[in-house]
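Here is the structure we will look at, set down as structure tokens.
Numbering (the working numbering), first residue to last: 737 to 1135.
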């Protein structure tokens, strides 16, 4: 019984994670067949930490939500569709397919679907073969097929079988690009232990940037020399800044011999400064710095110079500061404390980086020094920020 409860709990966490992205897809980019809108039309810096909308939650306050609308005779009302429990799961899927097709260009489609999906995702775990068959049918609008993929992830089907399905869809040019994007994301959610370097290479060569981006985030387990070379020579030079950032992270996480050379080349060629804060080149450096080999004296000196450079881009500088944790580099703790004393309200980003780095090993003396720094700040927001960082770092140490 405990094992079964644990299985359902873990399954719920997976479904929640998947639905977060799927509902973001439904909400933002299913209604224009060729427009990628997962990242809002803002600057790259603004989208770097973008979080999709929250998933539909089938439960609320421990009680099942109402399945049918009040005072309505029909299960389709007020431009919404409701799950009809008098019908079978298959019949409800057919109703959903028709509704999605009829409203495929409506920007409010996601809101229209919420009442239906709350129940559908509860029914899906027992309907693996039905969902699998519907996906193999290659029929239905992008919204409908993405919902089927969510249902696939919600049920207890064979992991290897599910992996084969999502990889097939991600690679299938007959599928709508919006569906292939979702499938590409889901390849990271169904690890069946198989290595798929040939499939990965095909996806990384795709014409759609979003398909490639999701595949990059899942590339480590399938990475071979051929895929690594494609990332290092092609994707790292993409016109899409998000692809370049993802490519750098993959290179940095890899074990190939020239990965550090590629990272140091990025550091040398990306020009950044405080005057052009949070520029596209800064995103590249910020992605590379966490993966630099600090055991290399030249790299160590480079990162230290960046950390101390008042004229450097604040985001890049913060990443450099974060490499000098007291545990890994105790000799540099004095440098961090000296920076803490000098940085002011005009340097909020590097100041917070110094505080967070010191608090990775929160000794009483360091906490007191940071608290004193907070007390001397005249800006209440920064003062409260520093106090909150102390609270977060020390909350597990309270008796």
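Note that CB positions come from ideal geometry on N, CA and C, so glycine has one too.
Residue 998 holds the alpha-carbon nearest to the alpha-carbon of residue 1028 among 998, 1019 and 1044. Here the alpha carbons of residue 901 and residue 922 stand approximately 10 Å from one another. Taking all protein chains shown into account, residue 1005 has fewer than 16 neighbouring C-beta atoms within 10 Å of its C-beta and is therefore exposed. Straight-line spacing of the CA atoms in residue 1108 and residue 1046 works out to 23 Å. Relative to residue 1000, the option among 1033, 1013, 1011 and 1015 whose CA is nearest is 1033. Going by beta carbons, residue 939 and residue 947 fall inside the 8 Å limit. The three-state secondary structure of residue 1123, taken from DSSP, is helix. Annotation: the continuous alpha helix (DSSP H) that includes residue 869 extends over 864-872. Counting other Cβ atoms within 10 Å of its Cβ, residue 988 reaches 16 or more and is therefore classed as buried. In this structure, the alpha-carbon of residue 895 lies about 40 Å from that of residue 1061. With respect to residue 974, residue 963 sits apart: the two C-beta atoms are not nearer than 8 Å. In the DSSP assignment, residue 1027 falls outside any alpha helix (DSSP H) and carries neither an H nor an E. Listed in chain order, the non-local C-beta contacts of residue 1075 below 7 Å within the same chain comprise 1090, local neighbours out to five positions each way being set aside. Residue 892 and residue 864 have their C-alpha atoms spaced approximately 7 Å apart.
Distance from the CA of residue 1007 to the CA of residue 1014, rounded to the nearest whole angstrom, comes to 11 Å. Each of 942, 835 and 986 was checked against the Cα of residue 961, and the nearest Cα belongs to 986. For residue 933, the enclosing alpha helix (DSSP H) covers residues 933-940.
Sorting 1087, 1078, 1031 and 1081 by C-alpha distance to the C-alpha of residue 1064 places 1031 at the top. Closest in C-alpha terms to residue 1117, from the list 1080, 1100, 1094 and 1072, comes 1080.
The C-beta distance from residue 982 to residue 1019 rounds to 11 Å, too long to fall under 8 Å, and the pair is not in contact. Residue 1037 is positioned such that its CB atom lies no closer than 8 Å to that of residue 1003. In terms of Cβ geometry, residue 860 and residue 887 form a close pair [threshold 8 Å].
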